[in-house]
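Take the sequence shown: its letters are residues 7 to 133, numbered as in the working numbering. Where a beta carbon is used, it is the ideal one built from N, C-alpha and C, also for glycine. Written out below as structure tokens is the structure these notes cover.
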Amino acid sequence: MSQHHNHTDRSTRRRFLVTAGATSLLGLAGCLSDDTADTPGSTVGQIGSGREGRTLPGGTPVAELPALSGELTLYSGRSEFLVGDLLAFIENQYDEFSITPRYGSSTDLVNQVLNEGSGSPADVFYS
Numbered sequence: 007m008s009q010h011h012n013h014t015d016r017s018t019r020r021r022f023l024v025t026a027g028a029t030s031l032l033g034l035a036g037c038l039s040d041d042t043a044d045t046p047g048s049t050v051g052q053i054g055s056g057r058e059g060r061t062l063p064g065g066t067p068v069a070e071l072p073a074l075s076g077e078l079t080l081y082s083g084r085s086e087f088l089v090g091d092l093l094a095f096i097e098n099q100y101d102e103f104s105i106t107p108r109y110g111s112s113t114d115l116v117n118q119v120l121n122e123g124s125g126s127p128a129d130v131f132y133s
């Protein structure tokens, strides 16, 4: 290896390390906020708590919906990590209702629905 090539590799590596370090510090700074006071009326941890400070959306509250019963088969292109809590929340609202999710990539699940045709057990496809 030539001395010039070795110097170029070190410069590139240093630039990468400086950029990665600065990016990490900026990301960490956003996580270390001192703002720990709860906003009055805030429901942190509740599904939809990201709407804090916004007006309530229109529609019918879950508590006012008619009772659900039976089983719903859901093909989800979103992972359990993303929608599992939502599905559990819905199931917990109704004693006689259960959701059977099938997780996979959206493409795989679309192909599965197409292959199953009218015999598909999927009631809902959520991508």
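- Between the segment 59-68 and the segment 108-118 there are fewer than three C-beta pairs closer than 8 Å, too few to call the two in contact.
- Non-local beta-carbon contacts of Ser85 in its own chain, meaning distances under 7 Å to residues more than five positions away in sequence, involve Tyr109 in chain order.
- In this structure Ser82 is buried. Its beta-carbon is surrounded by 16 or more other beta-carbon atoms within 10 angstroms.
- Leaving aside the five residues that flank Glu97 on each side, the residues in its chain whose CB is nearer than 8 Å to its CB run, in chain order, Phe103, Ser104 and Ile105.
- Taking 8 Å as the cut-off, the beta carbon of Leu78 is found closer than this to the beta carbon of Asp129.
- Separation of the CB atoms of Pro107 and Leu93 is rounded to 6 Å, and the pair is thereby assigned contact status at 8 Å.
- Straight across, the Cα-Cα distance linking Leu80 with Phe131 is about 6 Å.
- Counted as a single uninterrupted DSSP element, the alpha helix (DSSP H) harbouring Glu86 occupies residues Glu86 to Gln99.
- For Ser112, the enclosing alpha helix (DSSP H) begins and ends at Ser112 to Glu122.
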